[in-house]
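Undergrad:
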Amino acid sequence: MDFFTPIVDDPYTFGRIAAANSLSDIYAMGGMPQHALNIAEFPSDDLPLEILTEIMQGGLEITKQANIPILGGHTIKDTVPKYGLVVTGRVEKKNLTLNSTAKAGDVLILTKPLGSGIIATAIKKDKAPKSIMEEAVNVMTKLNHGAAIAMNSVGVNACTDITGYGLLGHLLEMCNGSKVSATIEFNAIPFIKGVYELAQKGFIPGGTKRNLEYVSSQVNFSENISQEQQYLLADAQTSGGLLISVAKEKAEDLQKTLTENNTLSSAVVGHVYNPAESTIYVN
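Just remember that our numbering sits 111 ahead of the position in the sequence shown, which is counted from 1.
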């Protein structure tokens with residue numbers, strides 16, 4: 112189950128983003144969603160119910176893309192709108208992928224560009240250019256369905272979806288759970304175009320700042336990595352991509368299959384190795 116408050120003004124778009132985000136955990140484990148329930152909180156005394164209908168229509172569009180039914184749901188009255196899905200999924204035992212089984216020698220591949228948290232903050236302050244906002248929506252509403260199919264086809268060692276703890280937070284969780292360390296190559300990471308400039312202007316969410324503070328004791332940043340770049344790596348994502356840890360000899364096949372499945376990225380962003388003094392090194 113996952114639900115949250117609007118990060119865009121358009122109700123239909125918000126519903127699409129929230130639904131795509133709710134499905135990600137299933138895909139990250141190598142599973143496929145089976146069905147869903149709507150979960151909503153709505154201030155019906157202050158806003159017309161047509162807005163709630165539009166939100167749910169957006170969610171319905173995404174579940175149709177995932178080829179699953181919405182079987183019902185639950186709505187309660189609240190002062191702020193919230194929406195998301197409860198999703199039931201199924202995974203074949205041979206495809207079950209955990210976030211605690213990365214292996215030394217693995218390659219790290221990221222399937223979506225980063226930056227949605229910073230952009231969402233700029234949107235809320237009406238400071239995000241239309242082109243950046245549209246690209247962020249495109250990223251957030253893209254299902255991780257194709258990425259999950261690709262990693263099941265190739266066979267991978269570990270996976271996590273990049274959401275509220277940012278790339279560094281979720282990678283740290285993977286490293287600690289797997290008892291390994293990792294390097295990240297900043298210049299290899301895909302970002303939504305224009306997000307760095309927004310970071311420079313100070314549109315940093317509170318959650319992103321807390322993420323960076325949380326991981327800082329276990330991350331070693333190269334001297335050339337600026338404060339804004341550190342925030343980009345810790346940026347809290349909504350409906351982010353998958354970070355996949357795959358054996359080096361399978362990496363090229365995975366990249367090819369991801370591209371064939373129309374994922375937004377198949378970038379090699381780092382490597383996994385035996386435990387070192389710092390858990391993560393960023394170059």
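Where is the CB? At the ideal position from N, CA and C, for every residue including glycine.
Quick one: which unbroken beta strand (DSSP E) runs of 3-plus residues sit fully inside the stretch 143-187? Chain order, please.
TA: 143-153
Undergrad: By DSSP, does Gly126 sit in helix, in strand, or in coil?
TA: Helix at Gly126.
Undergrad: Taking C-beta to C-beta, are Pro316 and Gly228 nearer than 8 Å?
TA: yes
Undergrad: Between Val250 and the rest of its own chain, which residues show a CB-CB distance below 7 Å, the 5 nearest in sequence each way excluded?
TA: Lys223, Pro224, Ser227, Ile303 and Leu375
Undergrad: Can you tell me whether Arg127 is buried or exposed, with buried defined as 16 or more other CB within 10 angstroms of its CB?
TA: With 16 or more other Cβ atoms from the protein chains shown falling within 10 Å of its own Cβ, Arg127 counts as buried.
Undergrad: Would Gln397 be called buried (16 or more neighbouring beta carbons within 10 Å of its own) or exposed?
TA: This structure does not reach residue 397, given that the chain is present from 112 up to 394, and the question cannot be answered.
Undergrad: Is Met285 closer than 8 Å to Ser356 when the C-beta atoms are compared?
TA: yes
Undergrad: Ser328: which of Thr208, Tyr392, Thr124 and Lys238 sits nearest, CA to CA?
TA: Measuring from the Cα of Ser328, the nearest candidate turns out to be Tyr392.
Undergrad: What would DSSP say about Asn331, mapped onto helix, strand or coil?
TA: strand
Undergrad: Use the C-beta contact count for Ser242: other C-beta atoms within 10 angstroms, 16 or more gives buried, fewer gives exposed.
TA: exposed
Undergrad: Which residue marks the beginning of the alpha helix (DSSP H) containing Gly228, and which one marks its end?
TA: Ser227 to Lys235
Undergrad: Under a Cβ-count criterion, where at least 16 other Cβ atoms within 10 Å of its own Cβ denotes burial, should Glu161 be classed as buried or exposed?
TA: exposed
Undergrad: Using a 10 Å radius around the Cβ and a threshold of 16 neighbouring Cβ atoms, would you call Ile220 buried or exposed?
TA: buried
Undergrad: When DSSP labels each residue in this structure, what does Asp136 get in the three-state scheme?
TA: When DSSP states are grouped into helix, strand and coil, Asp136 belongs to the helix group.
Undergrad: In the structure shown, what three-state DSSP assignment does Gly195 receive?
TA: Strand at Gly195.
Undergrad: Using the rule of at least 16 other Cβ atoms within 10 Å of the residue's Cβ for burial, across every protein chain shown, is Asn178 buried or exposed?
TA: exposed
Undergrad: Less than 8 Å between the C-beta atoms of Gln348 and Ile273, yes or no?
TA: yes
Undergrad: So what does DSSP say about Gly318, is it helix, strand or coil?
TA: helix
Undergrad: Check whether the Cβ atoms of Leu282 and Ala293 sit closer than 8 Å, and answer yes or no.
TA: yes
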